[in-house]
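Engineer:
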Amino acid sequence: MADIRPKSAKAEMLLWSFGRVLFGAIGCLWLLFLVAPLVIVVAVSFTSANYLMFPPPGLSLQWYAEVMQLSWFRSSLISSFLIAAVSTAIAVVLGVLAARALSKRSFPGHMLMEYLVLSPLLLPGVVMGFALFNVLVLLHMEALGLPNLIVAHTMITLPFVVRSVWSTMAGSDASLEEAAHSLGATPLKAFRHVVLPTAMPGIVAGAILAFTFSFNDVTVSIFLASREAGTLPVELMADLEYSANAAPAAISSLMIVLMLLLFMAVVRLGGLKAFVNH
Amino acid sequence: MTAWALSSPAVLLVLVVAITPSLILLYQAFRTPDGAAFTLEHFERLFNSRIAGQAFWRTLRVSLITTLLTIAGGYPLAMLIARSRERAAALMLGIVVFPLMVSVVVRAFGWIVILGPSGIVNQILPGIGLITEPLALVQNEIGIIIGETQLLLPYMVLSLLAVLRNVDPHLEEASLSLGANPLRTFFAVTLPVSIPGLLSGVLLVFSLAITAFATPQILGGARSPMLTTLLYRNVFSTYDWAAAAAIAILLALLAIGFVTLQRLAGRLWEKSHG
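Each protein sequence line maps, in turn, to chains Z and W.
When the count follows numbering that gives the first Met the number 0, it moves up by one through the first sequence with no breaks and lands on 277 for the last residue.
When the count follows numbering that gives the first Met the number 0, it moves up by one through the second sequence with no breaks and lands on 273 for the last residue.
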């Protein structure tokens, strides 16, 4: 087919497609920037050298074997799992009930309740952490590491559960529940058999986000962690100041793998919508 | 009534564990050391302190540059994702979102490995003769800015993506076929449509940059304190809790101010375009 466009238009088309390639390349460079610190950490964790260097002189799993022997790694990993699991479980129960309340349309103080339940998101982590530490010192309770961390993490993860569950409840069909009521189901039965199943994807996604947030938190935890109950990110941060070897890289890689598994679970459940909507 | 009964455990938790401690801190920030009277001395001390002043301006400077960098990265990334086919878009979105789930400590450590005194950049650049002295890329503001940009870029991409998805690609094509060059098309068609997303992204990223803690703590070190790391130092190193409480009030006001602005901007936009 003969091209009837004038030469200048052809040049512009060329420029335009060149611009698009350039544009795509810039986007890909930014993608690289986003993953660079993660990829590099995993890459250097397999080094056979005794200190951090790049490129690694050889590959080995020695640092993974090494970190398994570190007592602070094992104890803080257990603390972090325990704190994240217990606080997520409590936050899910409280969060589902609160989301159920918020999904009821109009009642006095709807706005107030929303602000109250989501308020832990409003204040910066350092402020929240210091405020809690301050109160615990006043009450002479600052040495109780584990219970303090569990209560604090329940509070900071609650908004994630509420938002996630609330959005699935708001999208579900209210008439189903009404039908259950009119067919003679008690409110509790209707809740268990109608409301809960439809909200389940939101509950699971909210629970995973809450677990992740609790497991990763340093800002609040660093104020509350005692010597006996240090969480993994807090201990890792302290360790970064002293060690120049690849042990932090191995620990970081293990954390990245754990998060990758949770991330894939979230994607399976509701796609990436859980993140996009926030 | 039943709604409040249902949410009472959650509301009680928030009242006891979040609101009350914050109010106690607020109270203490305005009390004399012996607790006898109200005072503004902690705030006066803060405003007259050289190190707090430096931390304040550093916080604003770093947060502003970080926000500008996330805009520079946010547009190409969001437009790339918005224009790509479904599978490629999902993959790229995954790469953008996944870092949000990785601990900030791990991400900051990654930058130490890349930018540190014996890091990758400082091993490769002298090797190819570009530099002779190692570059100081961490333990200063450069390190904090790079770390926070990586930390917060996903939020900007998500904010922009939310509006760019609604841009009709035919509009851009029409503009191009009518003779507008790509740059002009961007400023005349794409940019105006994306303003609400840009605005909410800017407010979100800026407020998160101001309140970030672990990233400046690890990448900025003791020599470049920000407001958050100065607060931490006042609590655990210099034991000046009154000053720490004053910084906390300042940070809380900034954070609440930005969230309110974001909501307000969103509501105004909905009203004028709803």
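All C-beta atoms, glycine included, are put in the ideal place defined by N, C-alpha and C.
Cα-Cα, which of W:Ala2, W:Val156, W:Trp3 and W:Leu12 is closest to Met154 of chain Z?
Structural biologist: W:Leu12
Engineer: Which word fits Asn165 of chain W, buried or exposed, when buried means at least 16 other C-beta atoms lie within 10 angstroms of its C-beta?
Structural biologist: Counting Cβ neighbours within 10 Å, Asn165 of chain W comes out exposed, since fewer than 16 surround it.
Engineer: Can you give the Cα-Cα distance for Gly128 of chain Z and Ser220 of chain Z, rounded to whole angstroms?
Structural biologist: 7 Å
Engineer: For Val95 of chain W and Phe42 of chain W, I'd like the C-alpha separation in whole angstroms.
Structural biologist: 40 Å
Engineer: Can you grab the Cα-Cα spacing for the pair Asn276 of chain Z / Arg162 of chain Z, in whole Å?
Structural biologist: Because Asn276 of chain Z sits at a pLDDT of 45, beneath the cut-off of 50, its placement in the model cannot be relied upon, and the point is left open.
Engineer: Would a check of beta-carbon distances place Met155 of chain W closer than 8 Å to chain Z?
Structural biologist: No, no contact with chain Z.
Engineer: Would you report the Cα separation of Ala28 of chain W and Ser78 of chain Z, rounded to the nearest angstrom?
Structural biologist: 33 Å
Engineer: With 16 other CB atoms within 10 Å as the buried threshold, where does Thr227 of chain W fall?
Structural biologist: buried
Engineer: If you measure between the beta carbons of Phe262 of chain Z and Met91 of chain W, is that distance less than 8 Å?
Structural biologist: no
Engineer: Closest to Leu59 of chain W by C-alpha separation, out of W:Leu253, W:Gln261 and W:Ala17, would be which residue?
Structural biologist: W:Leu253
Engineer: Residues in the same chain with beta-carbon distance under 6 Å from Ile144 of chain W, minus the five sequence neighbours each way, listed in chain order, please.
Structural biologist: These residues qualify, in order along the chain: Val61, Ile64 and Thr65.
Engineer: Whose Cβ in chain Z lies nearer than 8 Å to the Cβ of Leu250 of chain W?
Structural biologist: Pro123, Val125 and Val126
Engineer: Give me the chain W residues within the contact set of Gly18 of chain Z, using Cβ-Cβ distance strictly less than 9 Å, ordered along the chain.
Structural biologist: Asn180, Pro181 and Leu182
Engineer: Among residues of its own chain, excluding the 5 on either side of Arg19 of chain Z, which ones have a beta-carbon nearer than 6 Å to its beta-carbon?
Structural biologist: Counting only Cβ-Cβ distances below 6 Å, and skipping sequence neighbours, we find nothing.
Engineer: Checking contacts by CB at 8 Å: is Met0 of chain Z closer than that to chain W?
Structural biologist: Residue confidence is low: Met0 of chain Z scores 46 on pLDDT, short of 50, so the model does not pin down where it sits. Its coordinate-derived value is still stated next. By this cut-off, Met0 of chain Z is not an interface position.
Engineer: Quick one: list the residues of chain W neighbouring Asn133 of chain Z, beta-carbon separation under 8 Å, in chain order.
Structural biologist: Chain-ordered, the chain W residues with CB closer than 8 Å to the CB of Asn133 of chain Z read Pro20, Ile23, Leu24, Gln27, Trp240 and Ala244.
Engineer: Compare the C-beta of Leu5 of chain W with all C-beta atoms of chain Z and state if any pair is closer than 8 Å.
Structural biologist: yes
Engineer: Between the stretch 138 to 158 of chain W and the stretch 194 to 211 of chain W, do at least 3 Cβ pairs fall closer than 8 Å?
Structural biologist: yes
Engineer: Step through the CB atoms of chain Z and report whether any lies within less than 8 Å of the CB of Thr210 of chain W.
Structural biologist: yes
Engineer: Can you list the residues of chain Z that Val106 of chain W reaches, using a CB-CB cut of under 8 Å?
Structural biologist: Val is not the amino acid found at residue 106 of chain W; the sequence shown has Arg there. Correct list: Pro36 and Leu37.
Engineer: Give the secondary structure of Leu93 of chain Z by DSSP, where H, G and I count as helix, E and B as strand, and everything else as coil.
Structural biologist: Correct three-state label for Leu93 of chain Z: helix.
Engineer: In chain Z, which residues lie with their C-beta within 9 Å of the C-beta of Leu79 of chain W?
Structural biologist: Simply Phe22, Gly23, Ile25, Gly26, Cys27, Trp29 and Leu30.
Engineer: When burial is assigned at 16 or more other CB atoms within 10 Å of the CB, is Phe159 of chain Z buried or exposed?
Structural biologist: Label assigned to Phe159 of chain Z: buried.
Engineer: May I ask whether a heavy atom of the ligand MG can be found less than 7 Å away from the beta carbon of Phe17 of chain Z?
Structural biologist: Looking for the ligand MG in the displayed structure turns up nothing, as the structure carries no ligands at all.
Engineer: State yes or no: is the beta carbon of Ala54 of chain W nearer than 8 Å to at least one beta carbon in chain Z?
Structural biologist: no
Engineer: Please list the terminal residues of the continuous alpha helix (DSSP H) segment that includes Ser319 of chain W.
Structural biologist: The question about residue 319 of chain W has no answer, for chain W in this structure spans 0 to 273.
Engineer: List the whole-angstrom C-beta distance separating Leu195 of chain Z from Gly94 of chain Z, where the pair is believed to meet the contact cut-off of C-beta under 8 Å.
Structural biologist: No, Leu195 of chain Z and Gly94 of chain Z are not in contact; Cβ-Cβ is about 13 Å, not under 8 Å.
Engineer: Within the continuous alpha helix (DSSP H) that includes Pro200 of chain Z, where are the two ends?
Structural biologist: Counting along the chain, the alpha helix (DSSP H) containing Pro200 of chain Z begins and ends at Leu195 to Asn215.
Engineer: Would you tell me roughly how many angstroms separate the C-alpha atoms of Met225 of chain W and Ala211 of chain W, rounded to the nearest one?
Structural biologist: 9 Å
Engineer: Comparing alpha-carbon positions, which option in Z:Val136, Z:Thr211, Z:Glu176 and Z:Ala246 lies nearest Ser225 of chain Z?
Structural biologist: Z:Val136
Engineer: Taking three-plus beta-carbon pairs below 8 Å as touching, is the stretch 229 to 239 of chain Z in contact with the stretch 2 to 17 of chain W?
Structural biologist: no
Engineer: Looking at Leu250 of chain W and Ala54 of chain W, is the spacing between their C-beta atoms short of 8 Å?
Structural biologist: no
Engineer: Could you run through the stretch 88 to 121 of chain Z and flag, in chain order, every residue whose CB is less than 8 Å away from some CB of chain W?
Structural biologist: Val92, Leu93, Gly94, Leu96, Ala97, Arg99, Ala100, Leu101, Lys103, Phe106, Gly108, His109, Met112, Leu115, Val116, Ser118, Pro119 and Leu121
Engineer: Please report how far the alpha carbon of Met140 of chain Z lies from the alpha carbon of Ala151 of chain Z, in whole angstroms.
Structural biologist: Distance between Met140 of chain Z and Ala151 of chain Z, taken at the CA atoms: about 13 Å.
Engineer: Using a C-beta to C-beta distance shorter than 8 Å, which residues of chain Z count as neighbours of Trp110 of chain W?
Structural biologist: Pro36
Engineer: Using 8 Å as the threshold, is the C-beta distance between Met112 of chain Z and Ser6 of chain W below it?
Structural biologist: yes
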